[in-house]
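UniProt numbering applies: residue 1 is where the sequence shown begins, and numbers increase by one.
Glycine included, every Cβ here is placed at the ideal spot set by N, Cα and C.
One structure is given below, encoded as structure tokens.
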Amino acid sequence: MRECAGGLLPFVDLAFPPGCVSCGELVEGSGYRHLCVACAGKIDFVEEPACVTCGHPFYGDVEGERMCPHCEGMHPAYREGRTAVLFKGAARALVHELKYHRGLHVLEDIAEVFRRSERVMTLVADATLIPVPLHPRKKRERGYNQSELLAEALVKASGGRARIEALLRRVVDTASQTGFDRKTRRTNLKNAFALTPGGLITPGHHYILVDDVFTTGSTLNSCAGVLRRAGCLNLDVVTFGHG
């Protein structure tokens with residue numbers, strides 16, 4: 001309804017002020033449509049220095065460090081991973097609203113978070129974004145693939161300087177990754193992804209895999225391996241959050 005309202009949306013908000021998706025308080029003056037000032041102010045944007053593989057920030061003395069202990073031994077099939085924010089508080093609430101409550105209305109705020117992340121924006125300019133695919137069954141159940149919507153939010157945040165191409169498909173309906181360690185996740189994802197029929201990689205072009213959260217990196221690395229074997233060598237990763 002909010003989407004169809006178009007120009008009436010500001011008047012709808014005046015009559016029925018939106019509540020913060022994180023705490024429920026009224027939203028006013030935060031720069032976001034669905035986050036209050038207090039919760040928006042607690043969003044933890046990632047800045048340099050950060051791990052080159054997962055994007056998690058380094059703290060303390062990190063001279064010469066490029067990879068965090070979590071990523072040691074991962075052998076990423078992509079070049080660099082960047083994340084906009086730490087996956088907690090209001091940032092987590094936005095993604096959970098989108099994924100589990102059909103909260104398409106928060107995409108405007110997600111795009112705004114991306115826009116405020118200089119590290120992410122400098123990477124995505126002029127790149128082709130590849131959303132991590134959902135299995136068709138899960139996509140039917142949810143009604144959409146949240147990674148595709150996040151990629152659209154990135155395009156909006158970039159002012160249209162990036163584009164989206166669905167080069168991957170999920171061919172195995174794997175068990176949920178929740179609660180699995182990296183080794184189990186890697187086994188669970190074996191042969192789960194494939195190149196989209198007719199999908200073509202342009203040599204030398206910059207591609208970016210897009211997903212909601214970086215946890216162990218197993219899903220992203222599995223996708224990256226498929227793309228790399230197809231000739232995609234200039235490949236990076238962007239996630240909304242790191243958790």
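Who are the near neighbours of Glu-112 in its chain, counting only those whose CB is closer than 8 Å to its CB and skipping five residues on each side? Sequence index remark: in the sequence shown, residue 112 carries index 112 (1-based). Gly-31, Tyr-32 and Ala-157, listed in sequence order.
In chain order, what residues of the same chain lie with their CB nearer than 8 Å to the CB of Ile-201, ignoring the 5 residues before and after it? The sequence position of residue 201 within the sequence shown is 201, counting from 1. For Ile-201, where only same-chain residues beyond five positions count, the Cβ hits under 8 Å are Leu-167, Tyr-207, Leu-227, Ala-230, Gly-231 and Cys-232.
Considering just the uninterrupted stretch of the alpha helix (DSSP H) at Phe-114, what are its terminal residues? Residue 114 sits at position 114 when you count from the first residue of the sequence shown. Run containing Phe-114: 107-115, per the alpha helix (DSSP H) assignment.
Val-171 versus Pro-197: straight-line alpha-carbon distance, rounded: The residue you call residue 171 lines up with position 171 of the sequence shown. The residue you call residue 197 lines up with position 197 of the sequence shown. Computed Cα separation, rounded: 12 Å.
Starting from His-242, follow the beta strand (DSSP E) in both directions and report where the run begins and ends. One-based indexing of the sequence shown puts residue 242 at position 242. First-last of the beta strand (DSSP E) with His-242: 235-242.
Quick one: which unbroken beta strand (DSSP E) runs of 3-plus residues sit fully inside the region 21-108? Chain order, please. 81-86
When the Cα of Arg-161 is compared with those of Leu-195, Val-124 and Pro-133, which residue comes out closest? Working through the sequence shown from its first residue, we reach residue 161 at position 161. The shortest Cα separation from Arg-161 among Leu-195, Val-124 and Pro-133 belongs to Val-124.
Ala-38 versus Leu-154 - alpha carbon distance: Indexing the sequence shown from 1 puts residue 38 at position 38. Indexing the sequence shown from 1 puts residue 154 at position 154. Taking the straight line joining both Cα atoms gives about 24 Å.
Three or more C-beta pairs below 8 Å linking the region 135-145 and the region 208-227: no
Measuring straight from C-alpha to C-alpha, what distance separates Pro-49 and Pro-57? Taking the sequence shown and counting its residues from 1, the one referred to as residue 49 is at position 49. Taking the sequence shown and counting its residues from 1, the one referred to as residue 57 is at position 57. Taking C-alpha positions only, Pro-49 is separated from Pro-57 by approximately 6 Å.
For Ser-117 versus Asp-212, is the C-beta spacing smaller than 8 Å? Numbered from 1 along the sequence shown, position 117 holds the residue referred to as residue 117. Numbered from 1 along the sequence shown, position 212 holds the residue referred to as residue 212. Taking 8 Å as the Cβ cut-off, Ser-117 and Asp-212 do not qualify as a contacting pair.
In three-state terms, what does DSSP make of Arg-163? Here the question's residue 163 lines up with position 163 in the sequence shown. Note: Arg-163 maps to strand in three-state DSSP.
From Met-74, Ile-164 and Ser-222, pick the residue whose C-alpha is nearest to that of Ile-130; which is it? Taking the sequence shown and counting its residues from 1, one reaches residue 130 at position 130. Cα-wise, what sits closest to Ile-130 is Ile-164.
Can you list, in chain order, the residues of its chain with a C-beta nearer than 7 Å to that of His-34? Leave out the 5 residues immediately preceding and following it. Here residue 34 is taken as the residue at index 34 of the sequence shown, counted from 1. Within the same chain, His-34 has close Cβ partners Pro-18, Cys-20, Val-21, Val-27, His-105, Val-106 and Asp-109.
Go ahead and label Glu-97 buried or exposed: buried means 16 or more other beta carbons lie within 10 angstroms of its beta carbon, across all protein chains shown. Counting from 1 along the sequence shown, the entry for residue 97 is found at position 97. Buried: at least 16 other Cβ atoms inside 10 Å.
For my contact list, His-242 and Phe-45 are in at a C-beta cut-off of 8 Å; report their separation, rounded to the angstrom. The residue given as residue 242 occupies position 242 in the sequence shown. The residue given as residue 45 occupies position 45 in the sequence shown. In fact, because the Cβ distance is near 11 Å, the residues do not count as touching under 8 Å.
Rounded to a whole number of angstroms, what is the C-alpha to C-alpha distance between Leu-209 and Asn-145? As a working mapping, residue 209 is identified with position 209 in the sequence shown. As a working mapping, residue 145 is identified with position 145 in the sequence shown. Taking the straight line from one Cα to the other gives about 14 Å.
Beta-carbon spacing of Thr-174, Ala-192 below 8 Å: Working through the sequence shown from its first residue, we reach residue 174 at position 174. Working through the sequence shown from its first residue, we reach residue 192 at position 192. Going by C-beta atoms, Thr-174 is nearer than 8 Å to Ala-192.
Is DSSP giving Gly-225 helix, strand or coil here? Locating residue 225 in the sequence shown gives position 225, counting from the first residue. Helix.
Taking its Cβ as the centre, do 16 or more other Cβ atoms sit within 10 Å of Tyr-100, making it buried, or is it exposed? As a first step, residue 100 is located in the sequence shown; it is residue number 100 there, counting from the start. The residue in question, Tyr-100, is exposed, as its Cβ has fewer than 16 Cβ neighbours within 10 Å.
Arg-102 burial status per 10 Å Cβ neighbour count (16 or more: buried): Sequence index remark: in the sequence shown, residue 102 carries index 102 (1-based). So Arg-102 counts as exposed.
Give the range of the alpha helix (DSSP H) segment to which Ala-157 is assigned. Position 157 of the sequence shown holds residue 157. Note, Ala-157: alpha helix (DSSP H), 146-157.
Minimum C-alpha distance to Arg-115 - residue among Gly-204, Leu-235 and Thr-83: Counted from its first residue, the sequence shown places residue 115 at position 115. Checked all of Gly-204, Leu-235 and Thr-83; the closest Cα to Arg-115 is Thr-83.
Could you work out which residue in Arg-79, Glu-72, His-70 and Val-132 is closest to Leu-149 when comparing CA atoms only? Sequence index remark: in the sequence shown, residue 149 carries index 149 (1-based). Of the candidates Arg-79, Glu-72, His-70 and Val-132, the one whose C-alpha sits nearest the C-alpha of Leu-149 is Val-132.
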